[in-house]
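Q:
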Amino acid sequence: MTAVTSITLTQPDDWHLHVRDGDVLKYVLPHTAKQFARAIIMPNLRPPVTTVALANAYRGRIEAQLKASGITGFTPLMTLYLTDNTPAEEVRKVREAGVAGFKLYPAGATTNSDAGVTNIKHCYATLEAMQKEGVPLLMHGEVTHAEIDVFDREAVFIDTILEPLRRDFPELKIVFEHITTRQAAHYVRDAHTNNKNTLAATITPQHLLMNRNAIFAGGIRPHNYCLPVLKREEHRLALVDAATSGNPRFFLGTDSAPHAKGLKENSCGCAGCYTAFNALGLYAEVFEAANQLNRFEAFASFYGPDFYLMPRNTKTITLHKVAQKVPEELPLAETVVVPLRAGETIAWSLAE
Ligand code: DOR
Ligand code: ZN
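This note's numbering applies: residue 6 is where the sequence shown begins, and numbers increase by one.
1. Going by beta-carbon coordinates alone, are PHE79 and PHE41 separated by less than 9 Å?
2. Quick one: give me the first and last residue of the beta strand (DSSP E) that THR13 is part of.
3. Does the Cβ-Cβ distance between HIS212 and THR249 come in under 9 Å?
4. Quick check on this structure: which residue in ASN318, PRO332, GLY277, TRP353 has the alpha carbon closest to the alpha carbon of ALA289?
5. Using a Cβ-Cβ cutoff of less than 6 Å, which residues in the same chain neighbour TYR192 once the five nearest sequence positions on both sides are dropped?
6. Is the region 83-99 touching the region 131-142, taking contact as three or more C-beta pairs under 8 Å?
7. Spatial neighbours of THR149 within its chain, please: CB distance less than 6 Å, with the 5 preceding and 5 following residues excluded, ordered by chain position.
8. Grab me the residues of CYS278's own chain with a C-beta within less than 6 Å of its C-beta, minus the 5 sequence neighbours each way, in chain order.
9. Ordered along the chain, which non-local residues of its own chain (more than five positions away) have a Cβ less than 8 Å from that of ALA347?
10. Count Cβ pairs between the region 9-28 and the region 306-318 that sit closer than 8 Å; are there 3 or more?
11. Between which two residues does the beta strand (DSSP E) containing GLY106 stretch?
12. Less than 8 Å separating the Cβ of MET47 from some heavy atom of the ligand DOR?
13. Below 8 Å on the Cβ atoms is my guess for MET215 versus PHE181; work out the distance and round it to an integer in Å.
14. Is the beta carbon of ILE166 closer than 9 Å to that of ILE125?
15. Closer than 8 Å: is that where the CB of THR116 sits relative to any heavy atom of the ligand DOR?
16. Would you call the region 299-318 in contact with the region 240-247, where contact means no fewer than 3 C-beta pairs closer than 8 Å?
17. Which residues does DSSP list as the beta-bridge partners of HIS145?
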């Protein structure tokens with residue numbers, strides 16, 4: 006059999022993305038918009054995007070930058086940051102405003118999550134309204150208790166938060182975001198749901214490509230540090246299995262999270278990998294290595310819109326098996342960001 010040297014697929018979407026705000030937008034949006042038609046925009050700004058009014062304003066700033074950059078054909082899908090005090094009435098407004106869902110950050114779980122949920126019970130009236138209106142809950146699935154080992158926080162979240170939540174709200178649409186463990190992959194694969202499109206998970210390129218050794222290879226590697234943190238090889242293998250299995254519950258979400266180089270290379274470095282530069286090339290490597298390139302398109306381009314009940318894209322894009330050099334750093338407003346794989350190559354590149 007001859008090796009595949011190019012693949013053409015329906016244009017993908019990124020179902021989990023951080024683009025930040027202000028001057029940074031100009032530097033990160035072009036990378037994403039070159040590859041993806043739509044992206045779910047995370048609301049963990051400072052202050053967080055907690056209301057429809059704030060989401061509309063944020064969308065306006067993103068759209069203004071897209072226009073200024075001459076970018077067409079890219080749609081930001083906005084989300085709201087769920088807090089202990091989000092009123093149930095906000096859910097109806099979300100539907101009307103075309104906001105894609107609410108993001109649950111357990112308080113203190115990650116970057117700008119201090120305003121997050123301290124106890125999920127505080128959100129029950131709002132979750133009830135979301136279930137009724139079919140508004141998805143996107144969640145950062147980690148508990149935050151200091152006494153729980155950082156590598157166990159996702160698995161503990163499943164048992165103590167997710168499973169009870171699904172019992173109380175069996176029809177609530179849930180996206181378990183950026184899963185990192187065998188437990189999460191198997192939970193999502195095996196969960197019983199009454200309806201299709203009730204439970205799904207996104208998977209990042211870094212969790213498919215690396216295990217936790219990558220954070221400590223010859224010294225501390227801050228650019229491979231993200232949350233949830235990379236896990237053991239057995240977990241990476243379970244994620245690859247899930248992503249390449251053809252199961253529609255698993256789809257693409259990069260979690261590309263730009264931080265200034267100096268905030269990563271720091272005595273208390275920020276969590277997040279900047280993968281937007283050539284995320285599709287990274288994912289293509291995963292599917293190729295698993296000998297499942299034929300399943301790449303559905304993971305990248307079909308299962309996400311199907312879950313969110315949005316139309317699939319109609320345009321196509323092509324990737325060539327041509328190695329692309331990743332720059333050591335990329336401009337980020339007044340500073341620089343170090344992309345994942347900086348100084349190395351990615352085996353696939355997007356056709357111009
Ligand atoms: O690594 C991460 N970075 N994980 C998150 O959950 C947040 C993100 C960010 O905003 O930087
Ligand atoms: Zn994220």
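Note that CB positions come from ideal geometry on N, CA and C, so glycine has one too.
A: This is what the structure holds:
1. Your numbering for residue 79 matches position 74 in the sequence shown. Your numbering for residue 41 matches position 36 in the sequence shown. For PHE79 and PHE41, yes; Cβs fall inside 9 Å.
2. On the sequence shown, residue 13 is found 8 positions in, with the first residue counted as 1. THR13 -> beta strand (DSSP E) spans 11-15.
3. Within the sequence shown, residue 212 is the residue found at index 207, counting from 1. Within the sequence shown, residue 249 is the residue found at index 244, counting from 1. No. Outside cutoff.
4. Numbered from 1 along the sequence shown, position 284 holds the residue referred to as residue 289. If we check each option's Cα against that of ALA289, TRP353 comes out closest.
5. By one-based count along the sequence shown, residue 192 stands at place 187. In its chain, beyond the 5 residues on either side, ILE163 have a beta carbon closer than 6 Å to the beta carbon of TYR192.
6. yes
7. Mapped onto the sequence shown, residue 149 falls at position 144. So the qualifying residues of the chain are PRO111, GLY113, ALA114.
8. Position 273 of the sequence shown, counted from the first residue, corresponds to residue 278. Answer for CYS278: GLN211, CYS231, LEU345, listed in chain order.
9. Along the sequence shown, one-based indexing puts residue 347 at 342. Within the same chain, Cβ atoms closer than 8 Å to the Cβ of ALA347 are found at HIS228, VAL331, PRO332, GLU333, GLU334, the five residues on either side in sequence being excluded.
10. yes
11. Here residue 106 refers to the residue found at position 101 when the sequence shown is read from its first residue. Unbroken beta strand (DSSP E) run through GLY106: 106-109.
12. Numbered from 1 along the sequence shown, position 42 holds the residue referred to as residue 47. Yes, the Cβ of MET47 comes within 8 Å of a heavy atom of the ligand DOR.
13. As a first step, residue 215 is located in the sequence shown; it is residue number 210 there, counting from the start. As a first step, residue 181 is located in the sequence shown; it is residue number 176 there, counting from the start. Wrong, their Cβ atoms sit about 20 Å apart, outside the cutoff.
14. The count along the sequence shown starts at 1 and reaches residue 125 at position 120. The count along the sequence shown starts at 1 and reaches residue 166 at position 161. Cβ atoms of ILE125 and ILE166: closer than 9 Å.
15. Start at 1 with the first residue of the sequence shown, and residue 116 comes out as number 111. Yes, since a heavy atom of the ligand DOR falls inside the 8 Å radius drawn around the Cβ of THR116.
16. no
17. Locating residue 145 in the sequence shown gives position 140, counting from the first residue. DSSP, once it has assigned bridges, lists GLU182 as partnering HIS145.
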